[in-house]
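Input: a single structure, listed below in structure tokens.
There are 2 protein chains.
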Amino acid sequence: MIERLAIVGVGLIGGSLARALRAAGAVGEIIGCGRSVENLELAVDLGVIDGCTRDPAVAVEDADLVFIAVPLGVMRGIFERIQGRLRDDAVITDGGSVKGSVIRDAAAAFGAVPSRLVPGHPIAGTEHSGVGASFPELYHNRQVILTPLPHTDADAVAKVRAMWQAAGAQVTDMDVAHHDALLAASSHLPHMLAYGLVDLLARQQDNDEIFRYAAGGFRDFTRIASSNPVMWRDICIANAEALSAMLASFGEEIADLAKTIRRRDGDDLLAIFTRAKAARDAYVDGVAASGAAGVRGESS
Amino acid sequence: MIERLAIVGVGLIGGSLARALRAAGAVGEIIGCGRSVENLELAVDLGVIDGCTRDPAVAVEDADLVFIAVPLGVMRGIFERIQGRLRDDAVITDGGSVKGSVIRDAAAAFGAVPSRLVPGHPIAGTEHSGVGASFPELYHNRQVILTPLPHTDADAVAKVRAMWQAAGAQVTDMDVAHHDALLAASSHLPHMLAYGLVDLLARQQDNDEIFRYAAGGFRDFTRIASSNPVMWRDICIANAEALSAMLASFGEEIADLAKTIRRRDGDDLLAIFTRAKAARDAYVDGVAASGAAGVRGESS
Chain A
11 MIERLAIVGV GLIGGSLARA LRAAGAVGEI IGCGRSVENL ELAVDLGVID GCTRDPAVAV
71 EDADLVFIAV PLGVMRGIFE RIQGRLRDDA VITDGGSVKG SVIRDAAAAF GAVPSRLVPG
131 HPIAGTEHSG VGASFPELYH NRQVILTPLP HTDADAVAKV RAMWQAAGAQ VTDMDVAHHD
191 ALLAASSHLP HMLAYGLVDL LARQQDNDEI FRYAAGGFRD FTRIASSNPV MWRDICIANA
251 EALSAMLASF GEEIADLAKT IRRRDGDDLL AIFTRAKAAR DAYVDGVAAS GAAGVRGESS
Chain B
11 MIERLAIVGV GLIGGSLARA LRAAGAVGEI IGCGRSVENL ELAVDLGVID GCTRDPAVAV
71 EDADLVFIAV PLGVMRGIFE RIQGRLRDDA VITDGGSVKG SVIRDAAAAF GAVPSRLVPG
131 HPIAGTEHSG VGASFPELYH NRQVILTPLP HTDADAVAKV RAMWQAAGAQ VTDMDVAHHD
191 ALLAASSHLP HMLAYGLVDL LARQQDNDEI FRYAAGGFRD FTRIASSNPV MWRDICIANA
251 EALSAMLASF GEEIADLAKT IRRRDGDDLL AIFTRAKAAR DAYVDGVAAS GAAGVRGESS
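If you're matching them up, the sequences are chains A and B in order. First residue of the first sequence: 11, per our numbering; consecutive thereafter. First residue of the second sequence: 11, per our numbering; consecutive thereafter.
Listed below in structure tokens is the structure:
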């Protein structure tokens, strides 16, 4: 049970966690913090949070659990604001899509990474933003990865794990660098391809026509290009090394594919497409079997 | 009104057209032709077709309209089989995703492109195949592009246009090369990116883990990688020139993006993602406004 939860960043991610914990009866009071008064007032009106403030230092006062769900680029600033204002036993966690940068930011802001900071990443989201897009089922059967350091408090990890489980998620621990490489492949690369494709097509002379004659598959394929640009700018910068490496690998894949097409090598093309279809069908079957329907949008 | 429709290839595309025309009362008898007896018998059982044969030459006898919906790689063989077996006034059309290759195949098989051949392309589909996946609403509010040649019979074009309109589609005429370049951008390139991504990830050492921690966005993004590999092998070969050019452009886009990420240029990244999001959101709004919900899968 969480007595007093401070959520810094009451958007899709923070708002959905609040709604889920409330629905599960797993939280007492929830204080929300954000820059937009309008969004905070909406969150109060919707019953997502009990009270609000624009000052992170005020939000975390007396909180036993602090969840930070802001774009990675402002993470360090938030850490600096709450530093010295936390309860001694307060546990801090976050929802950032890159974990190495969060740990570097914490080390810089706090002097060292606090033993009660549990870096975390809920693998869930949609292409929509703001508390108005939040809903309590967002984390049902979704994966949450925690990346505690060797010195991280075991009690703090247990508390964060219990929070996500109460929200309906499955929780796994993972090494920081491994998380960042894994997500570069499964999430950050696909987002770059979707953004890159739409940007390329939008810059074509006959872009109106291209979009007009795009079919249903295009809508699904490009859904993630409707994601929050600020959030993705920050993810790219925070995970620049791992993501650059994946983009380079993908560049080689595409160059090879172009060569195979140019030499009209039907056997090779059929082998590639058959292999990819089998992998994708197995992935979908796996998702269905695990009960994580994944009907809503964005991975992050 | 179509008296006797011969559908060569009773799969998702051919079967859905049959169902739509039947529902609209726009057709008398429908004869289906295909290689799989099992699929043909299913089509008869489902009431999609009235009769069936495995021989295209038999299927087209007495037909006033012939619709060929087979992978592009077997198009020429079908033309060769029906050549000399058609009614004098029979109109032929097809559903191939590339039009230049269909015209080349027709010229080779018939000696010259028949004046009553109207090359066509319904921009609709899902990632599923076979008559069992067909449904009468597939073409509702979807675009169909016809690419008649200068010598194509106006009556033949009118008959094919009326057929697609009866199925609920919007019909546009277009130049052959323009069609093939447009579809290389809006459909063939996205399919290559989806296949390429899934293939790349499936070949990674930790591919199980990558797929396990992929979120809902990944499912949508890769849906088109579950499409029919034979159909896509043939599309790649048939549209090799235009598709290679698009792949080269995309390779440059991705190389530029990787450079921007490596130098951590937040302003540039934000500009790219904001531009792409605006284009994609406008596309979705446009689709919604036109009534083409595009809720089902594959563009082709």
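Yeah, the Cβ is synthetic: ideal placement off N, Cα and C, and Gly gets one too. All values derive from a computational prediction rather than experimental measurement.
- Query: When DSSP builds the beta bridges, which residues end up paired with L203 of chain A?
  - Reply: Note: L203 of chain A sits in no beta bridge, so no partner.
- Query: Per DSSP, T103 of chain B is paired with what?
  - Reply: B:F77, B:V128
- Output the boundary residues of the alpha helix (DSSP H) element that contains E263 of chain A. From DSSP, the alpha helix (DSSP H) with E263 of chain A extends over 250-272.
- Query: Rounded C-beta distance between I41 of chain B and A73 of chain B? I'm assuming under 8 angstroms.
  - Reply: That belief holds up - the Cβ atoms of I41 of chain B and A73 of chain B are roughly 7 angstroms apart, short of 8 angstroms.
- Would you list the residues sitting across from V37 of chain B in a DSSP beta bridge? Bridge partners of V37 of chain B: B:I12.
- Query: Run through DSSP, which three-state label would Q93 of chain A get?
  - Reply: coil
- Query: From the beta carbon of H150 of chain A, is the nearest beta carbon of chain B less than 9 angstroms away?
  - Reply: At a cut-off of 9 angstroms between beta-carbon atoms, H150 of chain A makes no contact with chain B.
- Query: Should K169 of chain A be labelled buried (16 or more other beta-carbon atoms within 10 Å of its own) or exposed?
  - Reply: buried
- Message: Can you list, in chain order, the residues of its chain with a C-beta nearer than 6 angstroms to that of A248 of chain B? Leave out the 5 residues immediately preceding and following it.
- Response: L82, V108, S111
- Query: Is it a yes or a no for the stretch 137-155 of chain B touching the stretch 177-185 of chain B, going by three-plus beta-carbon pairs under 8 angstroms?
  - Reply: Short answer: they touch.
- Item | Extent of the continuous beta strand (DSSP E) to which D65 of chain A belongs | Run containing D65 of chain A: none; DSSP gives neither H nor E here.
- Task: Please state if the CB of V47 of chain A and the CB of L15 of chain A are separated by a distance shorter than 9 angstroms.
- Result: no
- Task: Throw me the rounded Cβ distance for the E137 of chain A and S237 of chain A pair, which I believe falls under 8 angstroms.
- Result: Indeed, because the Cβ distance is near 5 angstroms, the residues count as touching under 8 angstroms.
- Task: Report the neighbours of V297 of chain A on chain B: residues whose CB is nearer than 7 angstroms to its CB, in chain order.
- Result: Simply R229.
- In whole angstroms, what separates the C-alpha of T232 of chain A from that of D291 of chain B? 10 angstroms
- Query: For the stretch 256-289 of chain A, which residues have a beta carbon sitting closer than 7 angstroms to at least one beta carbon of chain B?
  - Reply: L257, A258, S259, F260, G261, E263, I264, A265, L267, A268, I271, R272, R274, G276, L279, L280, I282, F283, T284, R285, A286, K287, A289
- Taking only the alpha-carbon atoms, compute the straight-line gap between I271 of chain A and L267 of chain B and give it to the nearest angstrom. 24 angstroms
- With a cut-off of 9 angstroms, does the C-beta of M85 of chain B fall near any C-beta of chain A? Closer than 9 angstroms: no.
- Task: Output, in chain order, the set of chain A residues within a Cβ distance shorter than 7 angstroms of A195 of chain B.
- Result: L211, Q214, I220
- Message: For a quick check, are the C-beta atoms of F283 of chain A and S196 of chain B less than 9 angstroms apart?
- Response: no
- Alpha-carbon spacing of I59 of chain A relative to P146 of chain A, whole angstroms: 13 angstroms
- Simplified DSSP state of I234 of chain B, which is helix, strand or coil: I234 of chain B falls in the helix class under three-state DSSP.
- Given that a residue counts as buried once 16 or more other Cβ atoms are within 10 Å of its Cβ, and exposed if not, what is G57 of chain A? exposed
- Message: Any beta carbon from chain B within less than 9 angstroms of Q93 of chain A's own beta carbon?
- Response: no
- Query: Taking three-plus beta-carbon pairs below 8 angstroms as touching, is the stretch 86-97 of chain B in contact with the stretch 20-36 of chain B?
  - Reply: no
- Would E263 of chain A be called buried (16 or more neighbouring beta carbons within 10 Å of its own) or exposed? Counting the other CB atoms within 10 Å of its CB gives E263 of chain A a total of 16 or more, which places it among the buried residues.
- Give every residue of the same chain whose Cβ lies closer than 7 angstroms to the Cβ of R95 of chain B, excluding the five residues on either side of it in the sequence, and list them in chain order. A67, V70, E71
- Euclidean distance between Cα positions of V54 of chain A and L193 of chain B: 48 angstroms
- Message: I need the boundaries of the beta strand (DSSP E) containing A155 of chain B, first residue and last residue.
- Response: This sequence places Ile at residue 155 of chain B; Ala is not what is there. Element bounds for I155 of chain B: 153-156.
- Task: Go ahead and label H376 of chain B buried or exposed: buried means 16 or more other beta carbons lie within 10 angstroms of its beta carbon, across all protein chains shown.
- Result: Outside the shown range of chain B (11 to 310) lies residue 376 of chain B, about which nothing can therefore be said.
- Item | Straight-line Cα distance separating D115 of chain B from D275 of chain A | A straight line joining the alpha-carbon of D275 of chain A with that of D115 of chain B spans about 19 angstroms.
- Query: Taking the continuous alpha helix (DSSP H) assigned at V170 of chain A, which residues delimit it?
  - Reply: 164-176
- Under 9 angstroms between C-beta atoms of V141 of chain B and G24 of chain B: yes
- Query: Can you list, in chain order, the residues of its chain whose CB lies under 7 angstroms from that of G19 of chain A, leaving out five sequence neighbours each side?
  - Reply: G44, I78, A79, V80
- Query: Anyone know if the C-beta pair for H131 of chain A and I155 of chain A falls short of 9 angstroms?
  - Reply: yes
- Query: Among all the DSSP beta bridges, which residues are the ones paired with I17 of chain B?
  - Reply: B:G42, B:F77
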